[in-house]
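Q: I'd like to ask you about the structure that follows.
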Amino acid sequence: MKKIIGLIVVITTILLFVTKSLYVEWAELFIIIGSLSVISIIFNKQQIRFSVILGSSAIIGFLFCLVFGLIDLIADHFMYFLPTGNEDGMPLTLGMKINEYSDDLFVASLISMISVLTISILASLILKFTTKNHKVGF
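In this note's numbering, the protein residues as written are 2 to 139.
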């Protein structure tokens with residue numbers, strides 16, 4: 002389980018590094034949501050209680066989207082958008098970019114949390130009902 006989750010994190014990070022956009026685009030957000038949903042499903046595979054699945058999926062969806070968004074912003078800043086000296090005014094520092102992007106990243110994290118919650122709940126219900134003699138508890 003740990004190896005699969007680590008592999009998913011590495012693949013997601015590589016896909017975020019490949020795109021040359023300073024902030025998280027919609028395509029990158031879909032990549033993040035997909036990978037976090039798979040991580041949440043793998044993590045909650047053995048859980049029986051619905052409240053545990055709900056809580057862990059919300060935490061995974063919200064916090065890891067923040068982490069992936071900041072990793073993408075920092076990597077894109079240092080790989081593609083360093084000041085060249087040809088700027089008209091003062092170039093944006095990394096702190097200024099993070100401050101400018103914080104509201105959008107919060108909204109993206111909320112979208113990710115809701116999407117990961119929905120996908121993991123549906124997947125866990127489908128997995129629980131397809132296996133015999135397995136109950137979903139609250």
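All residues carry an ideal CB built from backbone N, CA and C; glycine is no exception.
Could you tell me the alpha carbon to alpha carbon distance between Phe-69 and Thr-14, rounded to whole angstroms?
A: Locating residue 69 in the sequence shown gives position 68, where the first residue counts as 1. Locating residue 14 in the sequence shown gives position 13, where the first residue counts as 1. Using only the alpha carbons, I get a separation of about 7 angstroms.
Q: Taking only the alpha-carbon atoms, compute the straight-line gap between Glu-101 and Ser-121 and give it to the nearest angstrom.
A: The residue given as residue 101 occupies position 100 in the sequence shown. The residue given as residue 121 occupies position 120 in the sequence shown. So the two alpha carbons sit approximately 31 angstroms from each other.
Q: Counting C-beta neighbours from all protein chains within 10 Å, is the total for Met-114 16 or more, i.e. buried, or is it exposed?
A: As a first step, residue 114 is located in the sequence shown; it is residue number 113 there, counting from the start. Buried, by the Cβ-count rule.
Q: Does the count of Cβ pairs from the segment 96-112 and the segment 56-70 closer than 8 angstroms reach three?
A: Yes, the segment 96-112 touches the segment 56-70.
Q: Quick check on the DSSP output: the alpha helix (DSSP H) that includes Val-11 runs from which residue to which?
A: Mapped onto the sequence shown, residue 11 falls at position 10. Per DSSP, Val-11 belongs to the alpha helix (DSSP H) from 3-19.
Q: Just to confirm the assignment, what range does the alpha helix (DSSP H) spanning Phe-51 have?
A: For this step, residue 51 is matched to residue 50 along the sequence shown. Start and end: 51-80.
Q: When burial is assigned at 16 or more other CB atoms within 10 Å of the CB, is Ser-38 buried or exposed?
A: Here residue 38 is taken as the residue at index 37 of the sequence shown, counted from 1. Ser-38 comes out buried.
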